[in-house]
Structures are given as structure tokens and as C-alpha cells.
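Q: Residue numbers (this note's numbering), protein chains in the order written: chain A, 313 to 700; chain B, 23 to 281. Note that CB positions come from ideal geometry on N, CA and C, so glycine has one too. First the structure, which I've put down as C-alpha cells, then a few questions once you've had a look.
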Amino acid sequence: MASIRLTLTDEQRALKAGVADICKRYPGEYWRELDAKREYPEAFVNELTKAGYLAALIPHEYGGAGLGVTEGSLILETIHENGGNAAACHAQMYIMGTLLRHGSEAQKRTYLPKIATGELRLQAFGVTEPDAGSDTTKLKTTAVRSGDRYVVNGRKMFISRVLQSDLMLLLARTTPVDQVKRRTEGLSVFLVDIRDLKGFEVRPLRMMMNHSTNALFFDDVEIPADSLIGHEGKGFSYILDGMNAERILVASESLGDGRWFVEKAVQYSGHRVIFGKAIGANQGVQFPIAKSHTAVEAATLMRDKAAALFDAGEACGAEANMAKYLAAEAAWEAGNACIDCHGGYGYAEEFDIERKFRECRLYKTAPINNNLVLAYVGEHVLGMPRSY
Amino acid sequence: MKILVLAKQVPDTATQVKISSNPRAIETAGVTWIVSPYDEFALEEALRIKEKRQGTEVVAVSLGPDRVKETIRSCLAMGADRAIHLNDPAWADADTLTTARALAAVIKQEAPDLVLTGRQAIDDDMGAVTAQVAEILGWPCASWIMEEAIADDGKTVRAGRQVEGGLEIFDLPLPAVLSAQKGLNEPRYPTLKGIMGAKKKEIRDVKAGDLGLAAEPPQLSLLTLEALPPRPPGRVIPGEVKEAVRELVKALREEAKVV
């Protein structure tokens, strides 16, 4: 049975220290400069890869560290706690989960060891489309079998890190929606080598934060038939069971953001003297910070519970969703408290707060909107009527 | 070849050190402990030698209370093969000589070909242990080294040590003791596998009695620690640049007496 540990093991503490050590070499200036140019943190990601952290969840037999989502969470949380942004590479950690759980042994042997070393980057996940976001089954991209190939046509939207990936996981419809009993059927997952793909176009989108996001266009793109993962038509269920891990890991990034904001706010408000005393002595400044800390700590417990359940192989849908919700909200509130206590400096780029503020906002929207988390809790946890 | 690396646990450089209610000690609550950075250079160098010379064993040695285990595990995570922890309340007030005697006793037991350590620990900055260890063992010693090369036959080491404006190159017969200066190398990070594998490596606990050392009062006893006086506030000299500079020079000459 799953149980939550309230203290870190020696290894987990050493792991956090190891990640923090790397982060120290990539201070605020590094992230700030990349943010201004909307460039990819290549050096940071390479270093993290070399040290093996992004292969944390890959089993030993395929060259990874064979650790759980609990440890993966600690890695990502620590990056954010130290002012970095793991969004640039977190997907390398978990997208391979679909391949691991549903891929053939040959596919696993071909790709996982190279993903573990970082020789191959699999950190793009093509699901969302211009007309299909949370309503995934409405996606229009098709993959039609033709001999030993599939021919892909369609568009994908807000797909991150495509230009920094060698492989992409792609969800496309293989059976038209009017020929399946349920909308969730007829979708298939492909592991596509996108390094040299004819008819495939990537258009970078300039977003609020530095997230290497793109629009994708498939125009009669031919991919080998053995790119298919698992069985044709079962793709939706394969994608769904990877989502809990993603939510727990993303929640961990929010928790790191929240801690970073709180720490910054505590430091600043303790030293900034206005009207003869440190501003942190005013309840109007102090309480929002204390409240944020409380919320971050509470969300951490939910994350820990979700991760413990996940690692024990138990159902964790409710906990993973609630952890993502609580953590994203806590980070957002902490970001607001941090900006408020910094006054004008909160908006100055060199304080890094405005950058983190933009970055942390994303997790109220992605990988799933917090409103849809509430809809899930209402419908599936509490048994209330479907609200959408 | 066997290399012993002497590593000390020290407060993180970012820690704000406070004197505790016992005026002979610092407040340890809330302190983050790290491997002294110079000792990390020493360990890195040992690991590089291991990579070049097949069959080399790197053993990390540290003296201190239970919390030192964490430092030892960092050394193992970086790549040391095993570790020795000198942990005994008898060493609680150890001065550099007592420490050096304990370390030398372990070194004698282990009989390595080379001992590497940092030029000093960054906590109390005594910088005495390297030379004391070498003296007790009767081994040659080169401190503050910036480079080293072990001869192919493993009988000597050529060490370049930092001196004002250049390097001083020595040949030392092995076994010898070397202390590392910043610039010797760039220490590696522990990898995730290194961190997870550290638990499986051997840490041998050693007490004073195991080394046949009799308890002895330290020759150097710490009387008290005093905090630095707070830095006086700076002074802004207002006015036109020309007059202000004149006043600044006058203040530097007559008050600060530095020009």
C-alpha cells in the first residue's frame, strides 16, 4: 500500500543538492537573457541531461535511473525553486512513458537507451489542434495507412520544443469518427522521427513566456508504419494514462515557483525599510506571503500523496489533478504576493520576478485548464452531473 | 594505485555564520554543509587519475560527527570507491595536530600511494593539516598544487605549485601528500546514478581506539569566537566633482591614512 514519507531520504536530499548545484551555475542573468531572445536553454539542458536527471524515470534496463515520479518531482521542483525553468526539458522525462508502457520491445530497445543518454530528444507531444484543445477527441489530424506507411495530414497548435526534439509523439485519427462507436476510439499514437520529414512544417509562435512553442503543419507527411505505438485506434487511452505523471511533475514545478516567490518576498520585505520599519512587519505585506507559504506547503502534501500513489501503481487520477490545481494556484498567489511586496521592482526584469510570474501563469492553463480539473473533481470524484 | 582523499565538511559558503550561545562554537542549526571546495578539487584530481590509470582505487576520508556522513556520501556520489569516517566524541575538540595524527594513523593502515587534500578548509582556514600529516608520516609534501602528473611507473609525481607570478615544479617520490589549489581542475557534478549508487558503497566507521590512539588534550584550545564589528556606514561626499575629489583625497590621507 502506498504511504507518504514526511521526510526526504538521504538519496533524495542528495539528489536535490545535486540539481541545486547545477542550477547555481545558471543564475537569473542566464534565464533573463534567453527570455529576452526567446532562446532555448541549451547549455542548462545539456548539463542536466549529462548528469542523468532527465533519464530519472527510464528503467535501469534501458539505461535510465529507474526512479519514480516522486524523485522526478523533486528534480523539477528543485530547478524551479532555484529560479530556473524546467519546462524547457521536463517532457524529456515523461513523454517516453507512453513508449515505455505501450511500445513494442523493439521500439523500446531502439529508442529508450538513446533517450536516456540524451542522444535522442523526445520532448514534443503533438495533441492539441486549433479546433481541439481539452476536447481532444475532436482532433482532425488524420493518419491513413498506405502500404508500409501512414500518410499524415492536419495541423497541430501550441506544440512545444519541436525544434529541440528529434522525436515527437503524435496523436492522430486513424479511423474516421463516424465509423467508431465512441469518439475516444479510432485515435492512434505514433513515435515520429521529425529530423528529416517531408511535408512537415514548424512555425514558431512568440508567446508570453520563453516556451519554444510552435504551430505544426502536416501535408501528406509519410511516416513508416512501425512508428505506431501499441494497437491502432487505442491511442487515446495510451495518452490518458501518461497524464497523471505529467500533472504530478508539472505540479512540482509550480511548487518550486511558489517557494522561489516566497523566499524572494521574505528576503526583500525583511530588508526594505519604508516609514522607519521593514515592510515585512506590516500585516498587509506579511500575511499574503505567509498565506502563500501555507498554500505551497499544503499543495506539496497533495503532490506527495499523488506521487506516492503513482509510484505504488495505485489509482491517482483525483490526487494528480488536485495536486496540479492546488500547486498552480499556490504559485500564482505567491507570485502576486511577491510582486506586491516588491512594488515597482517586481516589474523590473533584473529582479526575475516578472519572468517567473509569466512562466508560472502557464500552469493554471496547461497541460490542462484548472477549470477542467474542477470539472473532473465534480464529475468523477464527487459524482456530480457533467458540467460541460 | 590507491589514492586517499582527505575531505572536510564545512558550512556552505552562502551560510551566514552566527556564534552560538556557547562562544566557542558557531550556531549549527540551519547550516547547509558541503565538502570544502579545495577538497573537492583534490577529489576531482583523484578521480581523473583513476580514469587514466586502470585499477586505481579512490578512498575518501573525513573526520567529524555523524552529520559528516552526508559529505562522505557526496564524495561517493562524485565517484570515490569507498570511504572512511573518523567519528568519535574524543575528536570533538580536535585541533589540527590531533586531526592530523588521526588522519595519519588511518593513512598508515591504508598505505596509499598518494594522499590528496585541499590547501585548506574554508571554515577556519588553518591550512595546517596537510603539512602535519606529511610530517607525521615522514612523506614528501607539495602544497597549493595547480597541476600534477604521475610517472608511468607510478613511482614519482611531478607537481606544479602556485607561487607568486608562476609555477614551482617539484618531483616527489611516492607515497606523497599533495594539497590542491583552485585552478587545479573543475570538479564534476555527481550524476544521478552516482547519487543513487552512493548508498551501496562502503563507509567504514573508525573510532580513536581502532587506531590505537590514546586520548590527548588538544595543544591548541579555542578560547572564544568574536563576531566582526559591524562595518561602519559609508560616507557620501556631496558637491562639485573637483572639490569632492579634493576632500576625498584629504580624507584618505588624513583620516584613513591609506594614501
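Against ASP322 (chain A), what residues of chain B qualify as contacts under a CB-to-CB distance less than 9 Å, listed in chain order?
A: LYS91, GLU92, ARG95, ALA220 and LYS221
Q: May I ask which residues mark the beginning and end of the beta strand (DSSP E) holding MET480 (chain A)?
A: 479 to 485
Q: Between ALA29 (chain B) and the rest of its own chain, which residues show a CB-CB distance below 6 Å, the 5 nearest in sequence each way excluded?
A: Taking C-beta separations shorter than 6 Å and ignoring five residues to either side along the sequence, the partners of ALA29 (chain B) in its chain run VAL57, ASP61, ALA82, SER84 and CYS97, following chain order.
Q: Under 9 Å, Cβ to Cβ, is there at least one residue of chain C near GLU359 (chain A)?
A: Note that chain C does not occur in the displayed structure, where the protein chains are A and B.
Q: Compare the C-beta of TYR211 (chain B) with all C-beta atoms of chain A and state if any pair is closer than 9 Å.
A: yes
Q: Look at the Cβ atom of ILE391 (chain A), then the Cβ atom of TYR211 (chain B), and state whether they are nearer than 9 Å.
A: no
Q: Touching or not, the stretch 106 to 117 of chain B and the stretch 217 to 230 of chain B, by the rule of three or more beta carbon pairs under 8 Å?
A: yes
Q: Locate the alpha helix (DSSP H) running through ASN526 (chain A), then write down its first and last residues.
A: Looking at the DSSP string, ASN526 (chain A) is not in any alpha helix (DSSP H); the run it does join, the beta strand (DSSP E), is 525 to 536.
Q: Could you spell out where the alpha helix (DSSP H) holding VAL491 (chain A) opens and where it closes?
A: The sequence given here places Gln at residue 491 (chain A); Val does not occur at that position. From DSSP, GLN491 (chain A) is part of no alpha helix (DSSP H); its letter is neither H nor E.
Q: Residues of chain A with a CB under 8 Å from the CB of ILE217 (chain B): which are they?
A: GLU323, ALA326, LEU327 and GLY330
Q: Give me the subset of the stretch 364 to 386 of chain A whose CB atoms are less than 8 Å from a CB atom of chain B, sorted by chain position.
A: So the close ones are GLY364, TYR365, ALA367, ALA368, ALA377 and LEU379.
Q: Terminal residues of the continuous beta strand (DSSP E) containing HIS107 (chain B)?
A: 104 to 108
Q: Within a Cβ cutoff of 6 Å, which residues of the same chain sit near ARG183 (chain B), ignoring the five residues on either side of it in sequence?
A: The answer, listed in chain order, is ALA164, TRP166, ILE167 and GLU190.
Q: Look at the Cβ atom of SER604 (chain A), then the Cβ atom of ALA630 (chain A), and state whether they are nearer than 9 Å.
A: no
Q: Decide if GLU276 (chain B) is buried, meaning its Cβ has at least 16 other Cβ atoms within 10 Å, or exposed.
A: exposed
Q: If you pair each beta-carbon of the stretch 589 to 606 of chain A with each one of the stretch 674 to 693 of chain A, do three or more pairs fall below 8 Å?
A: In short, these stretches do not touch, since the Cβ pair count stays below three.
Q: Please state the DSSP three-state secondary structure of THR382 (chain A).
A: helix
Q: Closest to GLY256 (chain B) by C-alpha separation, out of B:LEU194, B:LEU274 and B:ALA124, would be which residue?
A: B:LEU274
Q: Identify every residue that forms a DSSP beta bridge with PRO33 (chain B).
A: B:TRP55
Q: Beta-carbon separation of LEU194 (chain B) and LEU138 (chain B) under 9 Å?
A: no
Q: Please report how far the alpha carbon of PRO600 (chain A) lies from the alpha carbon of ALA646 (chain A), in whole angstroms.
A: 8 Å
Q: Going along chain A in order, which residues have a C-beta closer than 7 Å to the C-beta of LEU65 (chain B)?
A: Those do not exist, as LEU65 (chain B) stays about 14 Å from chain A at its closest Cβ, beyond 7 Å.
Q: How do the stretch 375 to 395 of chain A and the stretch 556 to 576 of chain A stand: do at least 3 beta-carbon pairs fall below 8 Å, yes or no?
A: The answer is yes - the stretch 556 to 576 of chain A touches the stretch 375 to 395 of chain A, with three or more Cβ pairs under 8 Å.
Q: What residues in the stretch 121 to 142 of chain B have a beta carbon less than 7 Å from any beta carbon of chain A?
A: none
Q: What do you get for ALA363 (chain A), buried or exposed, if any count of 16 or more other CB atoms within 10 angstroms of its CB means buried?
A: buried
Q: What do you reckon, are the CB atoms on GLY466 (chain A) and THR453 (chain A) nearer than 9 Å?
A: Yes. Within cutoff.
Q: Counting only beta-carbon atoms, is ILE334 (chain A) nearer than 9 Å to chain B?
A: yes
Q: Okay, do the stretch 41 to 51 of chain B and the stretch 236 to 249 of chain B touch, 3+ Cβ pairs below 8 Å being the bar?
A: yes
Q: In this structure, does DSSP put MET520 (chain A) in helix, strand or coil?
A: coil
Q: Determine whether the beta carbon atoms of ALA484 (chain A) and PHE502 (chain A) lie at a separation below 9 Å.
A: For the 9 Å CB-CB criterion, ALA484 (chain A) and PHE502 (chain A) form a contact.
Q: Along chain A, which residues have their Cβ under 8 Å away from the Cβ of ALA99 (chain B)?
A: ALA326 and GLY330
Q: Do MET405 (chain A) and GLY384 (chain A) have their CB atoms nearer than 9 Å?
A: yes
Q: For the beta strand (DSSP E) holding PRO195 (chain B), just list the boundary residues, first then last.
A: 188 to 195
Q: Could you tell me whether any Cβ in chain B is nearer than 9 Å to the Cβ of LYS362 (chain A)?
A: yes
Q: Measuring straight from C-alpha to C-alpha, what distance separates ARG473 (chain A) and ALA326 (chain A)?
A: 29 Å
Q: Could you compute how far the alpha carbon of ALA455 (chain A) sits from the alpha carbon of CYS653 (chain A)?
A: About 52 Å.
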